[in-house]
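Structure record follows, encoded as structure tokens.
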Amino acid sequence: MWHITKREIYDNLNSLRFALTTVLLLALMVTNAVKHLREHPKRVQTYRDAVTESSDRLTAHADGSLYKLAQYGPGNFYKKPSSLHFCANGGESILPDTIKVGEPPVFATDSENRVILQGVWSLSYPDANLQNKNVGPKVSQVDWAFIIGSILSLIALWFTFDAFSGERERGTLRLMLANSIPRHTVLIGKFFGALISISIPFALAALVNLLLISTASTVHLTTEAWGRLGIIFALALLYTSLFVALGLLVSARVQQSAVSLMILLLMWVTLVVFMPSTLASIASSFSPATSFDEFWKQRNPIEEDLWDKYDEWLWSSKVDDKTLRGKSAFFTENAEREERRHEERLRYRSSQVYRARAITSISPATLLQHLIEGFAGTGFERHLQFVENTQRYARQLREFVADTDRADPESPHILGVREGMSKKFITPESVPRFEDTLNLSRDFNTAAMELLLLTLFVLVLLSGAYLAFVRVEV
Amino acid sequence: MLKTLIGRELLDNLMTFRFAAVLLITLLLVVANTVVLIKDYEQRLESYNTSVQTHHKEIQEKETYSAGEVEVDRPPNPLSIFNVGLDKRLGNEIWIAHNNVPTLWEARMNASDNPYLNILSSIDIVFIFEVVLSLMALLFAYDALAGEREQGTLRLVLTHPVRRGHILLAKYISAMLCLLVPLLLSLILAMLLLTTTTTISMGADDFGRIGGIVLTSIAYLSVFYLIGLFISAVTQRTGTALMLAMFVWGALVLVYPNLILAIIRSSDIPEAKAVSAFNEIKQVWDEFDRERKHFLATDAFPGEDPTFNINGMGFFYEHFPENRLTLLYLYNSMMTFGELDEKFEEEVPHAQNYFQYLIPSTINTAERAWLIRKQALEDTLVRKSNMKRTLLKFSPVGMYDAATQAWAGTDLKGVRDFFDAVRHYRQTVIDYFYNKNAFASRKWFAADEGAADWRTLPAFSFKRSGVEINAKRALPDLFLLLTMNLFLFMMIFLVFIKSEV
Chain V
1 MWHITKREIY DNLNSLRFAL TTVLLLALMV TNAVKHLREH PKRVQTYRDA VTESSDRLTA
61 HADGSLYKLA QYGPGNFYKK PSSLHFCANG GESILPDTIK VGEPPVFATD SENRVILQGV
121 WSLSYPDANL QNKNVGPKVS QVDWAFIIGS ILSLIALWFT FDAFSGERER GTLRLMLANS
181 IPRHTVLIGK FFGALISISI PFALAALVNL LLISTASTVH LTTEAWGRLG IIFALALLYT
241 SLFVALGLLV SARVQQSAVS LMILLLMWVT LVVFMPSTLA SIASSFSPAT SFDEFWKQRN
301 PIEEDLWDKY DEWLWSSKVD DKTLRGKSAF FTENAEREER RHEERLRYRS SQVYRARAIT
361 SISPATLLQH LIEGFAGTGF ERHLQFVENT QRYARQLREF VADTDRADPE SPHILGVREG
421 MSKKFITPES VPRFEDTLNL SRDFNTAAME LLLLTLFVLV LLSGAYLAFV RVEV
Chain W
1001 MLKTLIGREL LDNLMTFRFA AVLLITLLLV VANTVVLIKD YEQRLESYNT SVQTHHKEIQ
1061 EKETYSAGEV EVDRPPNPLS IFNVGLDKRL GNEIWIAHNN VPTLWEARMN ASDNPYLNIL
1121 SSIDIVFIFE VVLSLMALLF AYDALAGERE QGTLRLVLTH PVRRGHILLA KYISAMLCLL
1181 VPLLLSLILA MLLLTTTTTI SMGADDFGRI GGIVLTSIAY LSVFYLIGLF ISAVTQRTGT
1241 ALMLAMFVWG ALVLVYPNLI LAIIRSSDIP EAKAVSAFNE IKQVWDEFDR ERKHFLATDA
1301 FPGEDPTFNI NGMGFFYEHF PENRLTLLYL YNSMMTFGEL DEKFEEEVPH AQNYFQYLIP
1361 STINTAERAW LIRKQALEDT LVRKSNMKRT LLKFSPVGMY DAATQAWAGT DLKGVRDFFD
1421 AVRHYRQTVI DYFYNKNAFA SRKWFAADEG AADWRTLPAF SFKRSGVEIN AKRALPDLFL
1481 LLTMNLFLFM MIFLVFIKSE V
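Protein chains in written order, with our numbering: chain V, 1 to 474; chain W, 1001 to 1501.
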């Protein structure tokens, strides 16, 4: 078997297609690296500035009374740019990279008629970015996902279309099978031969790309990032073997190599180019467009007017226990409701996207796109993870405020009102800080299903190729 | 002789498996996608109609003239089914006010759909043709000469007194006839689907535009066929020809358009030209602001407060919103009260006098700022995007895309036609205000003595430019495609004449 593989590799190394492939992949990978080096430092800088500003705001809020922290909360949250951004862009220009912290929403006046803000902070999720200021042509990304998903798959077909039909045409297949080699050995030998000869230019191009990126002083790849890159490389091989298997299958069944290539090309166009977009269009036309008000009305037909409910206490300047508790209840409920509105809308919209993504997963190209996005830490899945991180931190901060208040025996424990909270001094250092983290095991969990599907595709096609080749007459 | 040759080639091509496969795939893709695209168009049309109604109702309910920001909607283009271009992406809702000359950069999206869905890729009919037809043309061409050379039939044909040019011509004509079958058949099916839906109304102009799209598609197809024929003429073996053809296809359709846009540096920092224009615009408005304050200080009434101490059921604001990227800077103010308390009555003449001065002055300043902004936008944002488009045109895909967008009216020029109409309409609205003497009237800011009258305000209407204008815009790219055809044909002719059989 190794003999056949070696023969295949030598055959391919000297061919025109090998040279063309190497040039093509190198050009794409170098462009990718250059673009990343140009843009990534800027992205990181913007993120750092934003985080510093946000952290300063939290420090300002936490420096002093607990009430101010409970009222204004933390600064805005920012999504940490992934250092593997060059692997998959993941619709970066569309997904928002911040979650805003809403100001206390209630206006009131104090005894000297000055306007003061009351109430407590809440999270609000900005909508996806529109591209409506951009009049340029539609920009597509030359990221690894594109290079692997579209180019490498095409190359895989290019290397395999004549694997059997070409040899059959030349008569060498008959010659080979005249020896006492079992057919499955021939098949497996051809499979690995093609896979390895494709991996060589790809690995070379990827190496150049990574060399350019990792030696630059402006970007830094951590050990975990290298691990993720390893996974992405393995994914590329898995995906390529899918198309190699497809190429072998068709090549075994078809008599002429030209016809085989044509069938493969048409299959490729359908699988890689059209299925993702057509299915996405079909899926998104299922999701009804509803405006926010309409959506909210459907969900909550009866909305109680909080302002009326708490009217008795809201405008009163008394500081007795009942009034303070009334105010506190109003502020909390108001903030919670604001947050819930935003959250439900986001959830509704994400569920539409999820549905569309599930439907498009029939195409292996989309599967690969999702997988690479998942492991590169970009894209929609990552956005939802960012949202989750923020929500977790918001809970943590609220608990911190409640706990600190509870620890003070002199406080009346009425949160959200100045008179009802602990007067003790807090320091900014004691407040928990937000950190946007990625979790590799979680990424594996979300990717498990898609990984399984992709592997299944490969196995089915390989066994198909085996069956086709075993039964074919030479 | 030519006839016999064409007949032979035609039979050869039509009876092949590849013809059947390509025909099937094209028909399937076009029909499936047309159904989805029509549904998508209907959804957009519906949301446009609701939006128009809401805006109409909203403006009628405005009690004062100053509160009346007229909102105008951009209808979806039915030909976006063929090439969506910028039709879906750019804003489709824009406000018209006296203080700004509107451009497409101020337009918003009416927010009834889910913008997160934009991360999924979308598709249109021209895109299908772009990918499938080019591939098909190459598949028909790669063995046209190399194959015959391999089989030896070329030698056989040339033993007869046939001119080589005739052989080429026969091959070209018959292959193009074959390629036209899937193109036209799928288009006819798409048209059938289009005409059976009642929501899409197409006029004679639209059929002209679709005719233009078909014409461009044929030219595009022919370019790829000739590229394939050229490869076939220079190579000896069909295997090599096929491999080269595939490589060229991948490079032209898949790699080049993506690569070239990635190479161009896209920055979100405004250029020096834009910065200076923005400062110039800002100066114009600063000057306006000084004059305004001067007017308040020196008018016949005491007090310099632009709110005139009035408060009550209503609101007042003034600010200078800015956007450095789109060079937007303007003075935005509004004062509107549903009821006026007795005690503010003495301030009313002061306010009237002020607004009578302020609004025409704002209009003038807006016009002056527009003159600067128009040029600067053209020099920065539009030029940059046009440069990208030009670079894309080094691949026939870019030419084809640009030409079909121009035919469909979904290119930048087509969308900007709408905003030209909006600017024209703004003039109508201002004239309406002048006719009503709105600026000097009490109704500008207070509704206590009767609400503002919006009933006779002329409605906005927009008609897409005529088919001859579309043709004018598409012609350069169509011409480029045709020239490329001619050039390729000559090259093939030269190579084939000199080649040994």
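Positions of the beta carbon are idealized from the N, C-alpha and C atoms, including for glycine.
According to the Cβ coordinates, are residue i and residue j closer than 9 Å?
| i | j | result |
| --- | --- | --- |
| Phe1224 (chain W) | Ala1170 (chain W) | no |
| Ser441 (chain V) | Leu221 (chain V) | no |
| Ser197 (chain V) | Asn12 (chain V) | yes |
| Ala1403 (chain W) | Ala1351 (chain W) | no |
| Asn1083 (chain W) | Asp1401 (chain W) | yes |
| Leu1133 (chain W) | Pro1182 (chain W) | yes |
| Leu371 (chain V) | Ala447 (chain V) | yes |
| Leu1037 (chain W) | Val1415 (chain W) | no |
| Gly73 (chain V) | Gly416 (chain V) | no |
| Glu1304 (chain W) | Leu1296 (chain W) | yes |
| Leu1117 (chain W) | Leu1168 (chain W) | no |
| Leu235 (chain V) | Phe425 (chain V) | no |
| Gly464 (chain V) | Ala156 (chain V) | no |
| Ile1123 (chain W) | Thr270 (chain V) | no |
Between the options, which has its C-alpha nearest residue i's C-alpha?
| i | options | result |
| --- | --- | --- |
| Ser140 (chain V) | W:Glu1367, W:Lys1388, W:Glu1449 and W:Thr1235 | W:Lys1388 |
| Ile4 (chain V) | V:Met262, V:Glu473 and V:Leu187 | V:Leu187 |
| Arg1089 (chain W) | V:Val44, V:Val135 and V:Lys68 | V:Val135 |
| Ala335 (chain V) | V:Met1, V:Ala70 and V:Leu26 | V:Ala70 |
| Gly1364 (chain W) | W:Thr1326, W:Ala1204, W:Asn1100 and W:Pro1115 | In the sequence as displayed, the identity of residue 1364 (chain W) is Asn instead of Gly. Looking at the Cα atoms, W:Asn1100 is the closest of the given residues. |
| His1166 (chain W) | W:Asn1033, W:Ile1006 and W:Leu1457 | W:Ile1006 |
| Arg341 (chain V) | V:Leu26, V:Pro126, V:Leu238 and V:Gln131 | V:Pro126 |
| His1319 (chain W) | W:Thr1326, W:Met1335 and W:Asn1309 | W:Met1335 |
| Leu195 (chain V) | V:Gly166, V:Glu169, V:Trp226 and V:Thr240 | V:Thr240 |
| Leu1242 (chain W) | V:Ser257, V:Tyr393, V:Leu238 and V:Ala252 | V:Ser257 |
| Asn32 (chain V) | V:Leu66, V:Tyr78 and V:Cys87 | V:Cys87 |
| Glu373 (chain V) | V:Leu265, V:Trp144, V:Met29 and V:Phe191 | V:Trp144 |
| Thr332 (chain V) | V:Leu306, V:Glu312, V:Glu344 and V:Lys318 | V:Leu306 |
Take residue i and list the residues in its own chain whose beta-carbon comes closer than 8 Å to its own, dropping the five residues that flank it on each side.
| i | result |
| --- | --- |
| Thr360 (chain V) | Met275, Pro276, Leu279, Ala280, Ala283 and Thr366 |
| Pro1321 (chain W) | Leu1328, Tyr1329, Leu1330 and Asn1332 |
| Trp1249 (chain W) | Ser1134, Leu1135, Leu1138 and Phe1224 |
Please list, in chain order, all residues of the same chain as residue i whose beta carbon is under 7 Å from its beta carbon, the five residues on each side excluded.
| i | result |
| --- | --- |
| Asp1453 (chain W) | Lys1436 |
| Thr1199 (chain W) | Glu1042 and Leu1045 |
| Val980 (chain W) | Nothing in the structure corresponds to residue 980 (chain W), since chain W is present only between 1001 and 1501. |
| Val101 (chain V) | Gly73, Pro74, Gly75, Asn76, Trp121 and Leu123 |
| Phe1315 (chain W) | Thr1336 |
| Asp541 (chain V) | The first residue shown for chain V is 1 and the last is 474, placing residue 541 (chain V) beyond what the model contains. |
| Ile1260 (chain W) | Leu1391 and Leu1392 |
Give the DSSP-derived three-state secondary structure of residue i in the structure shown.
| i | result |
| --- | --- |
| Ala1446 (chain W) | strand |
| Trp1249 (chain W) | helix |
| Gly1384 (chain W) | The sequence shown places Lys at residue 1384 (chain W), not Gly. Looking at Lys1384 (chain W) - three-state DSSP - the assignment turns out to be helix. |
| Thr1336 (chain W) | strand |
| Ser1134 (chain W) | helix |
| Ile99 (chain V) | strand |
| Gly91 (chain V) | coil |
| Asp1299 (chain W) | coil |
| Trp1454 (chain W) | coil |
| Asp143 (chain V) | coil |
| Glu1148 (chain W) | helix |
| Phe425 (chain V) | strand |
| Leu415 (chain V) | coil |
I'd like the list of long-range same chain contacts for residue i, defined as Cβ closer than 6 Å, with 5 residues on each side in sequence excluded.
| i | result |
| --- | --- |
| Lys1009 (chain W) | The identity of residue 1009 (chain W) in the sequence shown is Glu, whereas the question assumes Lys. Answer for Glu1009 (chain W): Ala1170, Lys1171 and Ser1174, listed in chain order. |
| Gly193 (chain V) | Thr5, Glu8 and Ile9 |
| His1056 (chain W) | none |
Does the CB of residue i have a neighbour CB from chain A at under 9 Å?
| i | result |
| --- | --- |
| Pro137 (chain V) | Included in the structure are the protein chains V and W, with no chain A among them. |
Margin query: Report the start-end ranges of each alpha helix (DSSP H) in the region 301-359 of chain V that is 4 residues or longer and not cut off at the edges.
Written below: 306-309 and 311-314, all fully within the region 301-359 of chain V.
Next item on the list: Please list the segments of the alpha helix (DSSP H) lying wholly inside the region 1405-1442 of chain W, counting only runs of 4 or more residues, in order along the chain.
Entry: Correct list: 1412-1436.
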